[in-house]
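Chains A and B, in that order, are what the protein sequence lines are.
No gaps in the numbering here: position 173 of the first sequence is 174 in my numbering, and each next residue is one more.
No gaps in the numbering here: position 86 of the second sequence is 87 in my numbering, and each next residue is one more.
Ideal Cβ positions, reconstructed from N, Cα and C, are used throughout, including at glycine.
It should be emphasised that the depicted structure is a prediction, and the values quoted were computed from it without experimental measurement.
One structure below.
Number of protein chains: 2
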Amino acid sequence: MRIFAAEKGIELEKVEVDLANGEQFGDEFRDVNPDCVVPVLELDDGTRITEVLAICQYLEERFPLPPLFGRSPEERAMVTMWNTKVEQQGLWAIMEAFRNSARGLSGHAIPGPGSFEQIPELAIRGRKRVELFLEKLDLNLDDREFLVGDIYTIADISAMVAIDFMKWIKISIPDHMANLQRWYESVSSRSGASA
Amino acid sequence: MRIFAAEKGIELEKVEVDLANGEQFGDEFRDVNPDCVVPVLELDDGTRITEVLAICQYLEERFPLPPLFGRSPEERAMVTMWNTKVEQQGLWAIMEAFRNSARGLSGHAIPGPGSFEQIPELAIRGRKRVELFLEKLDLNLDDREFLVGDIYTIADISAMVAIDFMKWIKISIPDHMANLQRWYESVSSRSGASA
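Right, dumping it as structure tokens:
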């Protein structure tokens, strides 16, 4: 969401939540988002939008340029399709591997207020899923500059965030995946990427 | 997606895939969708859209009435927010409980072509997550006719599909959840619900 806003040149007033010290589970933040997760976008009228996709979609409507969800109904469908695949097959697989193995997350295998013990088999399964995910991305990028053709979109942002997150489970893009390497170099060198 | 199209009065040419006999894993369908899952929307130009959200978003753009994604940027954000919560906290929890316990799905704990063994602990965890999900829906419906206020949307469709799917894990809406009971009676009696 930070990268998304930066690509559009939107300045948002930021309030940091101290995740490392569990501020998201405190009464104050629980009142902001009962799901106890970030990010949350608060509008001037007090409306609070949670879930990254909902926030980005709202920003796209308010600040249409540059388009990050595609330029036509067909392209927008492809962007949502790829973004969904990246989230479900990539981000969550990585989260699954991380949350079920990181010592500090014992009892917090699922984000949010509920208590869920880690399942070691899930950490192993998550890593296997990440491999399949990387293969899929590499294959798709064989004849495309970005995930959905010639336009940089939210699907690329989600995928870059996923790849960056892989460092927490000590996986990096395999050397033989040249398409994915080339794409990652391109998207991570954009100025918005460091937002 | 069937219910979504029915609510809009769209007639789509249907091709059934014999999931029970594994047709989705055959070469022919793998060519249509390498992820080996339904539904897939094929456009006249041959473009294939997978992922329910992407398909419904495309249909919404092509057939705007009645609006099923909300009527304003703020409402659309709430719809996407709730639809995401329903998918992630509801549908997948139910799928998790089902796929990790159903005998016929041994080796198919995750939809798609990859082989993933069932993890019995996940089936238990899934059921616990479903309980939390139902509580969340019931609470949200306390002062709302539908999940996002006074308009029926894709978030209601996803939630209804989730609740209907609960029969596969033998969970039904608890009697004391009056809001959820009332809402379910309302949404399931719509003509589109039987599509």
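Proximity test, Cβ basis, 8 Å: residue i and chain B
i: K86(A); result: yes
i: R126(A); result: yes
i: Q119(A); result: no
i: R77(A); result: yes
i: P74(A); result: yes
i: L148(A); result: no
i: L44(A); result: yes
i: E62(A); result: yes
i: L197(A); result: Past the boundaries of the shown model lies residue 197(A); chain A is included only from 2 to 196, so the question cannot be answered.
Residue of the options minimising C-alpha distance to residue i
i: R72(B); options: E97(A), E62(A), R77(A) and E75(A); result: E62(A)
i: N101(A); options: D143(A), L123(A) and V41(A); result: L123(A)
i: K168(B); options: V131(B), M178(B), R145(B) and V188(B); result: V131(B)
i: W184(B); options: E146(B), L133(B), K171(B) and S192(B); result: E146(B)
i: P112(A); options: K86(B), E17(B) and D176(B); result: K86(B)
i: T2(B); options: G150(B), G108(B), E97(B) and L60(B); result: Just to set this straight, residue 2(B) is Met in the shown sequence, not Thr. Nearest C-alpha to M2(B): L60(B).
i: D19(B); options: P40(B), L140(B) and G150(B); result: P40(B)
i: S116(B); options: P67(A), S192(A) and L133(A); result: L133(A)
i: L54(B); options: P74(B), E88(B), L66(B) and A21(B); result: E88(B)
i: H177(A); options: I125(A), D143(A), E76(A) and G127(A); result: D143(A)
Minimum Cβ-Cβ distance from residue i to chain A less than 8 Å
i: A55(B); result: yes
i: M82(B); result: yes
i: Y59(B); result: yes
i: T154(B); result: no
i: I50(B); result: yes
i: L133(B); result: yes
Beta-carbon proximity list for residue i, same chain, < 7 Å, skipping 5 on both sides
i: I155(A); result: F5, C57, L69, F70, V80 and N84
i: I174(A); result: L135, I164, L181, Q182 and Y185
i: S189(A); result: M161
i: A194(B); result: I4, M161 and V188
i: I170(B); result: I95, A98, F99 and R128
6 Å Cβ shell around residue i - same chain, five flanking residues per side excluded
i: E43(A); result: R49
i: F64(B); result: K9 and I11
i: F166(B); result: I95
i: D139(A); result: M178, N180 and L181
Own chain partners of residue i with C-beta closer than 8 Å, once the 5 adjacent residues on each side are dropped
i: L106(B); result: F99, R100 and Q119
### Message
With three or more beta-carbon pairs closer than 8 Å as the criterion, would you say the segment 85–98 of chain A touches the segment 156–166 of chain A?
### Response
Judged by Cβ distances under 8 Å, the segment 85–98 of chain A makes contact with the segment 156–166 of chain A, as three or more pairs qualify.
#### Entry: Inter-stretch contact (C-beta, 8 Å, three-pair minimum) for the segment 35–50 of chain B and the segment 25–35 of chain A
Counting Cβ pairs under 8 Å, fewer than three are found: no touch.
### Query
Are at least three pairs of beta-carbons, each pair with one atom in the segment 32–41 of chain B and one in the segment 171–188 of chain A, less than 8 Å apart?
no
### Query
At a Cβ cut of 7 Å, what residues of the segment 92–122 of chain B count as close to chain A, listed as they run along the chain?
G115, F117, I120 and E122
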